[in-house]
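For the sequence shown, position 51 (counting from the first letter as 1) is numbered 51 according to full-length UniProt numbering, and the numbering increases by one without interruption.
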Amino acid sequence: KYCAIVGYSLGGRIALEICRLTVNDVRYSTVKIYAVVLVSSGIGIEDEMQRKLRYQSDNELALKLESMASRSDFLQFLINVWYQMPMWSGAFSNKDGDSNVVLQRRSENDPKLMAKAVRVFSPG
């Protein structure tokens, strides 16, 4: 079995983990990766202090997510905090139909599971 893996941002870090598993874990030894494409993906933060600061920031974000009491709170968090982060570069600042659909879908996520993902996949 041969495959190519493409990952964007967090997906890139997941792609790197898949590559690591196929090399180091016999359970995945039948998978042969012939190409990996990473877009806007980092392999981590090299500087220890910067890494600690990022983890602390991500942990604070996770705590906010865990404190969401209702779907309405979560939707407001997505609009006012999550999609205001630099990584989104104002992608959801307009009120077109596509942005509204994305927001609606994201608001159906479980904030506690998102908090777990923020912690697990933090580059810090």
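Positions of the beta carbon are idealized from the N, C-alpha and C atoms, including for glycine.
Can you list the alpha helix (DSSP H) stretches of 4 or more residues lying completely in the stretch 14 to 56, in chain order?
Within the stretch 14 to 56, no complete alpha helix (DSSP H) run reaches 4 residues.
Just reading off the alpha helix (DSSP H) that Val118 is part of, what are its end residues?
First-last of the alpha helix (DSSP H) with Val118: 111 to 120.
Do you know offhand how far Ile45's Cα is from Cys19's?
Going from the Cα of Ile45 to the Cα of Cys19 covers about 19 Å.
Rounded to whole angstroms, what's the CA-CA distance from Ala62 to Met114? Just pull it up for me.
About 8 Å.
Which first and last residues belong to the alpha helix (DSSP H) in which Gln76 is found?
71 to 80 is the span of the alpha helix (DSSP H), which, as asked, contains Gln76.
CB-CB under 6 Å to Pro111, same chain, minus the five flanking residues each way: which ones, in chain order?
So the qualifying residues of the chain are Leu65, Met68, Phe74.
Can you tell me the Cα-Cα spacing of Ser122 and Asn80, whole angstroms?
Going from the Cα of Ser122 to the Cα of Asn80 covers about 21 Å.
In or out: Val23 buried (at least 16 other Cβ within 10 Å) or exposed?
Looking at its Cβ environment, which holds fewer than 16 other Cβ atoms inside 10 Å, Val23 is exposed.
With distance defined between alpha-carbon atoms, name the residue in Arg119, Ala35, Arg106, Ile14 nearest to Lys1.
Ranking the options by Cα distance to Lys1, first place goes to Ala35.
Thinking Ser41 and Arg13 are a contact (beta carbons under 8 Å), I'd like their distance in whole angstroms, please.
Sure, about 6 Å apart at Cβ, within 8 Å.
Flag this pair as yes or no: are the beta carbons of Arg119 and Asp47 separated by less than 8 Å?
Their beta carbons are not under 8 Å apart, which means Arg119 does not touch Asp47 by this criterion.
Quick one: what's Gly7 bridged to in DSSP?
The partner list for Gly7 (beta bridge, DSSP) reads Leu38.
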